[in-house]
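Residue numbers (my numbering): 1107 to 1523.
All C-beta atoms in this analysis are idealised placements derived from N, C-alpha and C, irrespective of residue type, glycine included.
Below is one structure; the comments refer to it alone.
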Amino acid sequence: MSGTWTLDDRLAGPVAEVPVEVRPGTAALTVRLSYDRSAGVLDLGCAGPAGFRGWSGGARSEYTITPSWATPGYLPGEIEPGVWRVLVGLHRVPLGGLPYEIRVIRHVRPPARPRRRRSRFSRVPAPVPPEPAAVRRRLPSPPGYRWLAGDLHAHTDHSDGTLSVYELACVAAAAGLDFLAVTDHNTVSHHVELAAASALAGLVLVPGQEVTTDLGHAGALGDVGWIDFRRPPDEWAKAVRDRGGVLSVNHPVAADCAWRHPMADRPRVVELWHWSWWDRSWGAPLAWAQAWTHDSIGDPAGDLVVVGGGDYHRPEEGHLPGAPTTWVLAEGDGRGPEAAGAVVRAVAEGRTAVSASPGAPLLLRLEDEFLAVDADGLVLWGPQTRRVVRGDLALLPAHPGVHRLETPANEVVAVCT
């Protein structure tokens, strides 16, 4: 089948559905999308008669689904007879239109599973996990809790990253992280791989999804299933909350994926520090956060919870997971799904801080005090606070609200909820 997507199509709805009839006895389904990639951008996904079956965005031009395996980004399982839908995201369509062709192959027998591309990370043993970050930094914790260092935003080859879940976990563990949220774009096909990769690499992997639209991205954190990115954001927030997870607004001032969705119920959790905040004397993220949590007459409308996101995709980008590092004060000392749940609860309850890396200067809230670590000569800023930090391990009176450490030149070094 072929045709031309128009700009009017895109404005009518960002995701088009192309129906495909699948007959009984079909053993597997392959879909191939062709178009001029120099002229526009089309995303690709799939829905079966029973619902969502996968999404790869603009990272792939074809996918295969079988009962036993599927292209990363897609969910294996029965090929139900009936009407399937090829989902086509009209991400960028020129004024003159964008011709396309979709080819659907209905297999009589399932094709062989292709060999997965191997990277240099596939050929090395899993790293020996270092001491937990809190032990390395000698951080005090209340009884029954522990500080964990991690990253709440990363991608694999299930969306537009290049590493497998296991390879990504090894990179994060080698970078000194205790946990990592794997948040592929608009899919949860990676979730089934998290438990094994977590055990092999020796760090906690948190299930997640980056709910990705033209008007902004949000991180759905926790074991909450798939969130339909085609629905309004208030519905994302309710679905995530009802299922015991947390929704964060991601990189709210980041170029063409800045947050522009209006919401009646604004999420408290904000990815204030994205890896792209290179010039941290630039105050736009702080100004956005202040506006987000205040109503039209300037009164506080809710408490902000700050997190960071490395948004890791591939080694060639030149930065590791954990740049920046999100710290959470998590309950218990378990690993695996129990620890992943503790990370999500810590974020939901506002027990967070952000630093440039696992070993960078750090500001933590310990009940009625702040602990400033490796922060000698930095300035503590807050709604009621302006003071110079003296010493490498300093306890200072704490006040409500988001606080930060800055250099004398007003460069943000650490943030604390």
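Query                                                                                                                                                                                : Result
By the DSSP assignment, the alpha helix (DSSP H) with Glu-1444 in it spans what residues?                                                                                            : 1442-1454
Would the beta-carbon of Ala-1481 fall within 7 angstroms of that of Leu-1511?                                                                                                       : yes
What do you reckon, are the CB atoms on Cys-1363 and His-1323 nearer than 7 angstroms?                                                                                               : yes
Using CA coordinates, which residue listed in Gly-1331, Arg-1451, Thr-1491 is at the minimum distance from Tyr-1251?                                                                 : Arg-1451
Give the secondary structure of Asp-1114 by DSSP, where H, G and I count as helix, E and B as strand, and everything else as coil.                                                   : helix
Report yes if the C-beta distance between Gly-1188 and Pro-1155 is below 7 angstroms; otherwise report no.                                                                           : yes
So, at 6 angstroms on beta carbons, what are the nonlocal neighbours of Gly-1438 in its own chain, with the 5 sequence-adjacent residues on each side left out?                      : Ala-1448
Just list the alpha helix (DSSP H) runs in the segment 1214-1292, keeping only unbroken ones of 4 residues or longer that don't cross its boundaries, in chain order.                : 1239-1243, 1271-1280
For the pair the segment 1237-1251 and the segment 1298-1318, tell me if three or more CB-CB distances fall below 8 angstroms.                                                       : no
Measuring only the C-alpha atoms, how far is Leu-1499 from Leu-1204?                                                                                                                 : 59 angstroms
Determine the burial state of Pro-1514: buried for a count of at least 16 other Cβ atoms within 10 Å of its Cβ, exposed for fewer.                                                   : exposed
Nearest-angstrom Cα distance between Arg-1441 and Val-1508?                                                                                                                          : 29 angstroms
Excluding the 5 residues preceding and the 5 following Trp-1365 in the sequence, name in chain order all residues of the same chain whose CB lies nearer than 6 angstroms to its CB. : Gly-1322, Val-1355, Pro-1358
When you compare only the Cα positions, how much space is there between Pro-1430 and Glu-1127?                                                                                       : 47 angstroms
From what residue to what residue does the alpha helix (DSSP H) around Leu-1392 run?                                                                                                 : 1390-1398
Quick check: what's the CA-CA separation for Leu-1378 versus Glu-1473?                                                                                                               : 22 angstroms
Can you tell me whether Val-1214 is buried or exposed? The criterion is at least 16 other CB atoms within 10 Å of its CB, across all chains shown.                                   : exposed
Closest to Pro-1338 by C-alpha separation, out of Leu-1286, Gly-1328, Ala-1370, Ala-1360, would be which residue?                                                                    : Ala-1370
Can you tell me where the beta strand (DSSP E) holding Ala-1436 begins and where it ends?                                                                                            : 1431-1437
Run the CB neighbour count on Asn-1516, radius 10 Å, all protein chains shown included, and call it buried at 16 or more, exposed below.                                             : exposed
Are the Cβ atoms of Asp-1115 and Leu-1196 separated by less than 7 angstroms?                                                                                                        : yes
Would you decide whether Thr-1110 is buried or exposed? Buried here means 16 or more other CB atoms lie within 10 Å of its CB.                                                       : exposed
If I measure Cβ to Cβ from Ser-1304 and keep anything under 7 angstroms in the same chain, skipping five residues before and after, which residues do I get?                         : Ala-1275, Val-1310, Leu-1311, Gly-1442
Over what stretch of residues does the beta strand (DSSP E) that includes Trp-1175 continue unbroken?                                                                                : Segment: none, Trp-1175 is in no beta strand (DSSP E) and carries neither H nor E.
Excluding the 5 residues preceding and the 5 following Ala-1454 in the sequence, name in chain order all residues of the same chain whose CB lies nearer than 7 angstroms to its CB. : Val-1352
Ala-1504 to Ala-1118, Cα distance in whole Å?                                                                                                                                        : 50 angstroms
So, helix, strand or coil for Asp-1149, using DSSP?                                                                                                                                  : strand
What would DSSP say about Trp-1538, mapped onto helix, strand or coil?                                                                                                               : Lying outside 1107 to 1523, the shown extent of the chain, residue 1538 is not represented and no answer is given.
How many Å lie between Leu-1193 and Ala-1279 at the Cα?                                                                                                                              : 36 angstroms
Could you name the residues that DSSP lists as bridge partners for Ile-1185?                                                                                                         : For Ile-1185, which the question treats as bridged, DSSP gives no partner whatsoever.
Considering only C-alpha positions, which residue in the set Arg-1143, Ala-1145, Leu-1135 is nearest to Arg-1159?                                                                    : Leu-1135
Could you tell me the distance, in whole angstroms, from the CA atom of Val-1124 to the CA atom of Arg-1349?                                                                         : 31 angstroms
Could you give the C-beta distance for Arg-1219 and Trp-1175, rounded to a whole number, given that I count them as a contact under 8 angstroms?                                     : 5 angstroms
Measure the C-alpha to C-alpha separation of Leu-1258 and Ile-1211 and round it to an integer number of angstroms.                                                                   : 38 angstroms
For Arg-1212, name the three-state secondary structure that DSSP assigns.                                                                                                            : strand
Quick check: the Cα distance between Leu-1468 and Thr-1458, rounded to an integer number of angstroms?                                                                               : 11 angstroms
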